[in-house]
């Protein structure tokens with residue numbers, strides 16, 4: 003009986019010390035850790051989102067500025083390798099004239115502030131899903147199956163967003179993405 007209590011005590015101490023370590027990670031340390039262990043971190047983040055029920059979580063994504071031209075976007079347990087479009091010219095060109103986009107790859111458009119972003123399919127050769135994300139890295143709108151032939155129709159100008167993720171058409175459904183899902187961005 004004493005042996006079982008001792009083992010339970012050790013397990014509880016390990017869990018408590020692990021949670022204390024996890025909660026004190028700086029954004030840079032968190033990013034480095036999640037790059038090495040994305041599946042573990044996504045599972046833990048997902049559990050924390052469910053447990054906090056509406057309380058704003060502080061992820062590295064909301065405090066890290068976007069500093070690179072490439073990165074990784076994680077939603078639920080799924081990751082997309084992304085190019086980052088930060089300048090006006092990069093955002094204007096976007097994914098125009100590309101014949102293909104690999105599975106789970108895309109482009110993240112980063113704006114200076116949250117506003118009504120308007121996207122169209124001018125010079126596009128592939129269909130896309132557009133994920134509109136607010137300043138807290140939550141999905142606020144998903145435009146599915148935007149077709150190149152839909153130009154000059156505009157997408158996304160219904161809600162304010164600060165980031166827009168473009169991925170292959172159908173991936174939003176196949177990965178079960180929804181408005182309200184938490185998004186994590188990692189600089190590479």
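In this note's numbering, the protein residues as written are 3 to 190. No residue lacks a Cβ here, since even glycine has one placed at the ideal position from N, Cα and C.
N- and C-terminal bounds of the alpha helix (DSSP H) containing residue i
i           : result
residue 174 : 173 to 176
residue 160 : Segment: none, residue 160 is in no alpha helix (DSSP H) and carries neither H nor E.
residue 91  : 90 to 95
Given residue i as reference, the closest of the options once Cα atoms are compared
i           : options               : result
residue 105 : 126, 80 and 125       : 80
residue 84  : 103, 135, 98 and 91   : 103
residue 179 : 70, 150 and 146       : 146
residue 136 : 188, 173 and 116      : 116
residue 155 : 168, 139, 131 and 122 : 122
residue 91  : 111, 101, 73 and 76   : 111
residue 174 : 158, 185 and 144      : 144
residue 87  : 165, 138, 11 and 76   : 165
residue 132 : 170, 161, 139 and 118 : 170
residue 108 : 10, 138 and 76        : 76
residue 157 : 120, 184, 140 and 14  : 120
residue 260 : 159, 130, 6 and 167   : Because residue 260 is not part of the residues shown, which for the chain are 3 to 190, the question remains open.
residue 98  : 7, 130, 8 and 4       : 130
residue 134 : 114, 163, 72 and 187  : 163
residue 118 : 138, 100, 142 and 160 : 160
residue 182 : 72, 78 and 82         : 78
residue 189 : 70, 3 and 10          : 70
residue 93  : 113, 74, 100 and 101  : 113
residue 2   : 82, 67 and 68         : Any property of residue 2 remains undetermined from this structure, which presents the chain solely from 3 to 190.
residue 186 : 138, 9 and 95         : 138
Beta bridge counterpart(s) of residue i as assigned by DSSP
i           : result
residue 168 : 109 and 132
residue 82  : 75
residue 104 : DSSP, once it has assigned bridges, lists no residue as partnering residue 104.
residue 121 : 157
residue 87  : 111
Residue range of the unbroken beta strand (DSSP E) whose run includes residue i
i           : result
residue 189 : 185 to 189
residue 142 : 141 to 148
Touch test, the region 108 to 127 against the region 142 to 161, Cβ-Cβ under 8 Å, three pairs minimum: yes
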